[in-house]
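As structure tokens, the structure follows; a few thoughts come after it.
Chains as they are written, first to last, in my numbering: chain X, 1 to 113; chain L, 114 to 224.
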């Protein structure tokens, strides 16, 4: 019943590379698409988010690209650093009473020095 | 994480034992959520609350119950723990719909 599909499951890049993580959703009622970053032993933390009326959003080295017609969105990390090594989750917010987030399955990113 | 505390951080329990996990917030946020995190499944919603005594089921609610008698506390209970409930449990809070704040998690092992 997964409504948000995330790929790849794991990703290894060299320092300075540009890892790209992709997500696709099925429910057109989603209205907000955040990305979360999680370090080992910690809870996920909001990294960047986008609304479906915007095609791209940049915050520092992180960029979300959004394709509403294809129901896909992706995270790009420019000039990646070893400190970016973490697990990344995409998510989509529903329009129900409590605006629940549905998460992708996660991508474990390793940035080699 | 600031404003949200989960307890205990780690717990080992035996199959068939009831277990209660606690989430406490100091942010006065209306919405609270319980998720479980398992490899390959990401974060899956167990139950959520949209106010005191107002709760509803999420995607994986079987075997779990919740209670929220005060704004600041959201309890998750495993009535009779099973090995399939071994997981990391995260509580999250939200007020303005624009993002969750997660707790640090509870690692539960059912033996």
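A virtual CB, placed ideally from N, CA and C, is assigned to each residue, including glycine.
- Within 7 angstroms of the CB of residue 42 of chain X, the CB atoms of chain L belong to 217, in sequence order along the chain.
- Here the C-alpha atom of residue 189 of chain L lies approximately 36 angstroms from the C-alpha atom of residue 12 of chain X.
- In its chain, beyond the 5 residues on either side, 205, 207 have a beta carbon closer than 6 angstroms to the beta carbon of residue 213 of chain L.
- DSSP, reduced to helix, strand and coil, places residue 37 of chain X within a strand of the structure shown.
- In the structure shown, residue 83 of chain X adopts helical secondary structure according to DSSP, grouped into three states.
- Between residue 155 of chain L and residue 105 of chain X, the gap from beta carbon to beta carbon is short of 7 angstroms.
- Beta-bridge partners assigned by DSSP to residue 186 of chain L: L/137, L/183.
- Between the beta-carbon of residue 109 of chain X and that of residue 74 of chain X there is about 13 angstroms, and that puts the pair past the 8 angstroms contact cut.
- Here residue 93 of chain X is buried. Its C-beta has 16 or more other C-beta atoms within 10 Å.
- At a cut-off of 7 angstroms between beta-carbon atoms, residue 46 of chain X makes contact with chain L.
- DSSP places residue 126 of chain L inside the beta strand (DSSP E), whose first and last residues are 123-126.
- For residue 189 of chain L, there are no C-beta contacts with chain X under 9 angstroms, since the nearest C-beta of that chain is about 15 angstroms from it.
- For the pair residue 102 of chain X and residue 3 of chain X, the CB atoms are nearer than the 7 angstroms cut-off.
- When beta bridges are read from the DSSP output, residue 14 of chain X appears opposite X/112.
- 32, 34: these are the residues of the region 22-34 of chain X whose beta carbon lies less than 8 angstroms from some beta carbon of chain L, given in chain order.
- Counting C-beta atoms within 10 angstroms of its own C-beta, residue 219 of chain L has 16 or more neighbours from the protein chains shown and is therefore classed as buried.
- Residue pairing by DSSP places residue 76 of chain X opposite X/20, X/63 in a beta bridge.
- Going by DSSP, residue 169 of chain L is part of the beta strand (DSSP E) stretching over 167-170.
- The beta carbons of residue 159 of chain L and residue 176 of chain L sit no closer together than 7 angstroms.
- Among the CB atoms of chain L, none fall inside 7 angstroms of the CB of residue 94 of chain X.
- Inter-residue distance for residue 157 of chain L and residue 91 of chain X is about 11 angstroms (C-alpha atoms, whole angstroms).
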